[in-house]
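Here is the structure we will look at.
Numbering (the working numbering), first residue to last: 644 to 1180.
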């Protein structure tokens, strides 16, 4: 006989299983979710309608899935990630991080400077603990709905599919691998995917409001590598310090609203430089040979990464010209002792540099394959600080192979890359009707709905709702992170692209010691919305 779960009971069960992102603990979580699913009569009777999908993950992580088979080809998907950030931030409370009821009692005895935290600790409406909000709360609601629909034969024509995702918090490899599962099921059953409901937590400022996200923001991580003309400082005027160019680039990029976009009344946060460092490992009296930087850029459909890279190309050229002008003024001051070498700074995208090397460097493909293989081994061993550091190594290798002696600027993208998506792109999707369903259901509880064009927190929806990835794929030609490490199946995902919304319980302070979920949303409001959507498709 099926075990009956309430959303809170199932949430406590899921939270108790640690599932730190980018670790093998995610394997345990996937297996646990499948065991919970198999505890239901429907999947005991239909064992072929659930399983663990193996997407050839390099860590052996798996994707739990379950299908309540319907009589039509219409399919609604419930999906979300089950990995969580680590629990080290809980410090002395670490042993209670996965035991919400005990954690809350312990936290009540401590002093907290945030009055909102104090208020919620003394309210019965909030449950604290790692993953309660982000996002095992949403997973608990989705699974409870799946179980009830299967047990009570609700909307028997509809195929209801649950897909659990690993690695959302780190590199999104789980959603990449799920494309293979979605494709297999579509081919096997002839599914017409109607909508994906993602259980990510929602943000709001009061209990009587609800945020409906109609899309998900895009993110690019452009890099810039500047190669100096290397000289001893005693002969400074015959060289060119790439750090000056880097500073000019940072000044032009930081909070540059010209690189922002606005769609449907929603604006992106301006770009910011996340990293700027030369490659010196110790003191010497030469200018640094390389200066590396990468920056965070968010974008909507109207301003994708390809357009941002075009803007960065122009910024790099302007920054180089400004640096040369500074040197020219110094040469004028120092004449006649230091003649002007008339610097020519080369600016190239990574794709352009690779094409140059392919045409001009002997045994380029073989040498590159060997070098990249070595870099991948470093990443997999954990010997490199970050995947980003390895990316800079690859760019510098490309520059060295070119044997171009001029100062150089090379730009491109590093992982991660997140496409911008919005349901306006789906011509056959009844956006307004779906919004009305959500509004109508929540109105019963006195909750008003705000429709927001883009979810600003980044989500896996970006990889599943990308209708036309043409320009994204063009931008990814300058992706330095090797495909063996980071391969986005955008072209494959186009085959199963479907509209998506975010429908999870209200949460606060994700990834922190005070992470918590709002129980009325978990137990009442979110289940009601999901049920209404299931009944309507």
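Ideal placement from N, C-alpha and C gives every residue a C-beta, glycine not left out.
All of these numbers come straight from a predicted model, not from anything done at the bench.
8 Å CB neighbourhood of residue i in its chain, flanking five on each side removed
{"i": "residue 682", "result": "645, 646"}
{"i": "residue 1028", "result": "Its pLDDT being 46, under 50, residue 1028 is placed unreliably in this model, and the value from its coordinates should be taken loosely. Within the same chain, residue 1028 has no close Cβ partners at all."}
{"i": "residue 819", "result": "698, 1106, 1130, 1131, 1132"}
{"i": "residue 799", "result": "713, 714"}
{"i": "residue 755", "result": "761, 764, 1157"}
Close-in-space but distant-in-sequence residues of the same chain around residue i (CB under 6 Å, 5 per side omitted)
{"i": "residue 739", "result": "745, 746, 749"}
{"i": "residue 887", "result": "966"}
{"i": "residue 1145", "result": "841, 843, 856, 1098"}
{"i": "residue 904", "result": "911, 942, 943, 945, 946"}
{"i": "residue 1165", "result": "650, 780, 1148"}
{"i": "residue 684", "result": "645"}
{"i": "residue 760", "result": "1157"}
According to DSSP, residues forming a beta bridge with residue i
{"i": "residue 1149", "result": "845"}
{"i": "residue 866", "result": "937, 1055"}
{"i": "residue 770", "result": "1160"}
{"i": "residue 875", "result": "929"}
{"i": "residue 915", "result": "939"}
{"i": "residue 835", "result": "717"}
{"i": "residue 1060", "result": "Answer is none; residue 1060 lacks a bridge partner."}
{"i": "residue 950", "result": "Beta-bridge pairing links residue 950 to no other residue."}
{"i": "residue 959", "result": "Its beta-bridge partners do not exist; DSSP assigns none."}
{"i": "residue 1065", "result": "858"}
{"i": "residue 990", "result": "1052"}
{"i": "residue 723", "result": "807"}
{"i": "residue 696", "result": "706"}
{"i": "residue 1122", "result": "1056"}
{"i": "residue 909", "result": "906"}
{"i": "residue 840", "result": "721, 1144"}
{"i": "residue 883", "result": "872"}
{"i": "residue 920", "result": "935"}
Run of the alpha helix (DSSP H) containing residue i, from where it starts to where it stops
{"i": "residue 779", "result": "779 to 795"}
{"i": "residue 856", "result": "Where residue 856 is concerned, there is no enclosing alpha helix (DSSP H), although the beta strand (DSSP E) it sits in stretches over 852 to 856."}
{"i": "residue 655", "result": "650 to 658"}
{"i": "residue 751", "result": "743 to 751"}
{"i": "residue 1101", "result": "Premise fails: residue 1101 is in no alpha helix (DSSP H) and is neither H nor E."}
{"i": "residue 1033", "result": "1030 to 1045"}
{"i": "residue 1013", "result": "1007 to 1024"}
{"i": "residue 684", "result": "684 to 688"}
{"i": "residue 815", "result": "First-last for residue 815: undefined, no H or E at that position."}
{"i": "residue 1134", "result": "1133 to 1136"}
{"i": "residue 984", "result": "Premise fails: residue 984 is in no alpha helix (DSSP H) and is neither H nor E."}
{"i": "residue 1177", "result": "1169 to 1179"}
7 Å CB neighbourhood of residue i in its chain, flanking five on each side removed
{"i": "residue 1090", "result": "851, 852, 853, 1168"}
{"i": "residue 1099", "result": "860"}
{"i": "residue 1136", "result": "822, 1106, 1107, 1109"}
{"i": "residue 960", "result": "990"}
{"i": "residue 768", "result": "1161, 1162, 1163"}
{"i": "residue 1019", "result": "1125, 1127, 1128"}
{"i": "residue 1174", "result": "788"}
Span of the beta strand (DSSP E) around residue i
{"i": "residue 708", "result": "706 to 711"}
{"i": "residue 765", "result": "Unbroken run through residue 765: none, as it is neither H nor E."}
{"i": "residue 672", "result": "Looking at the DSSP string, residue 672 is not in any beta strand (DSSP E); the run it does join, the alpha helix (DSSP H), is 668 to 681."}
{"i": "residue 1091", "result": "1091 to 1095"}
{"i": "residue 1088", "result": "Looking at the DSSP string, residue 1088 is not in any beta strand (DSSP E), and its letter there is neither H nor E."}
For residue j and residue i, believed in contact at Cβ under 8 Å, the rounded distance
{"i": "residue 789", "j": "residue 658", "result": "Going by Cβ atoms, the distance from residue 789 to residue 658 rounds to 19 Å, so no, they are not a contact pair."}
{"i": "residue 1004", "j": "residue 1039", "result": "About 15 Å; that fails the 8 Å criterion."}
{"i": "residue 1230", "j": "residue 1124", "result": "For the chain, the structure presents residues 644 to 1180; residue 1230 sits outside this window and is missing."}
{"i": "residue 949", "j": "residue 1114", "result": "5 Å"}
{"i": "residue 1064", "j": "residue 858", "result": "5 Å"}
{"i": "residue 933", "j": "residue 870", "result": "6 Å"}
{"i": "residue 874", "j": "residue 929", "result": "7 Å"}
{"i": "residue 721", "j": "residue 837", "result": "12 Å between Cβ atoms; not a contact."}
{"i": "residue 1072", "j": "residue 717", "result": "Not quite, the Cβ-Cβ distance comes to about 13 Å (not below 8 Å), so this is no contact."}
{"i": "residue 1134", "j": "residue 1119", "result": "Between residue 1119 and residue 1134 the Cβ distance is about 10 Å, and since that is not below 8 Å, they are no contact."}
{"i": "residue 597", "j": "residue 1170", "result": "The chain is shown from 644 up to 1180; residue 597 falls before or after that span and cannot be answered."}
{"i": "residue 1035", "j": "residue 935", "result": "5 Å"}
Any chain D beta carbon closer than 9 Å to residue i
{"i": "residue 877", "result": "This model lacks chain D altogether; it includes just one protein chain."}
Requested in this report: Indicate whether the contact test is met: 3 or more Cβ pairs, each with one atom in the stretch 712 to 729 and one in the stretch 806 to 820, closer than 8 Å.
Outcome: Two segments are said to touch when three or more pairs of C-beta atoms, one from each, lie closer than 8 Å; by this definition the stretch 712 to 729 touches the stretch 806 to 820.
Inter-stretch contact at 8 Å, needing at least 3 Cβ pairs: the stretch 838 to 856 / the stretch 1097 to 1108:
Contact between the stretch 838 to 856 and the stretch 1097 to 1108 is present, because at least three Cβ pairs lie under 8 Å.
*Is it a yes or a no for the stretch 973 to 983 touching the stretch 887 to 896, going by three-plus beta-carbon pairs under 8 Å?*
As far as the Cβ criterion goes, the stretch 973 to 983 does not touch the stretch 887 to 896, which means the pair count is below three.
Worksheet item: With a cut-off of 8 Å, do at least 3 Cβ pairs link the stretch 770 to 778 to the stretch 1153 to 1165?
Response: Yes: the two stretches touch, three or more of their Cβ pairs being nearer than 8 Å.
Q.
Count Cβ pairs between the stretch 853 to 868 and the stretch 1045 to 1057 that sit closer than 8 Å; are there 3 or more?
A. Yes: the two stretches touch, three or more of their Cβ pairs being nearer than 8 Å.
Query raised in the report: Is the stretch 870 to 885 close to the stretch 1075 to 1086, with three or more CB pairs under 8 Å?
Result: By the criterion of at least three beta-carbon pairs nearer than 8 Å, the stretch 870 to 885 is not in contact with the stretch 1075 to 1086.
Q. Are there three or more Cβ pairs, one per stretch, closer than 8 Å when the stretch 933 to 945 is compared with the stretch 899 to 916?
A. Below 8 Å, enough C-beta pairs join the stretch 933 to 945 and the stretch 899 to 916 to call them touching: three or more.
- Touching or not, the stretch 648 to 657 and the stretch 706 to 717, by the rule of three or more beta carbon pairs under 8 Å? Judged by Cβ distances under 8 Å, the stretch 648 to 657 makes no contact with the stretch 706 to 717, as fewer than three pairs qualify.
Is there contact between the stretch 697 to 709 and the stretch 670 to 688, where contact requires at least three CB pairs shorter than 8 Å? Contact between the stretch 697 to 709 and the stretch 670 to 688 is present: three or more C-beta pairs spanning the two stretches fall below 8 Å.
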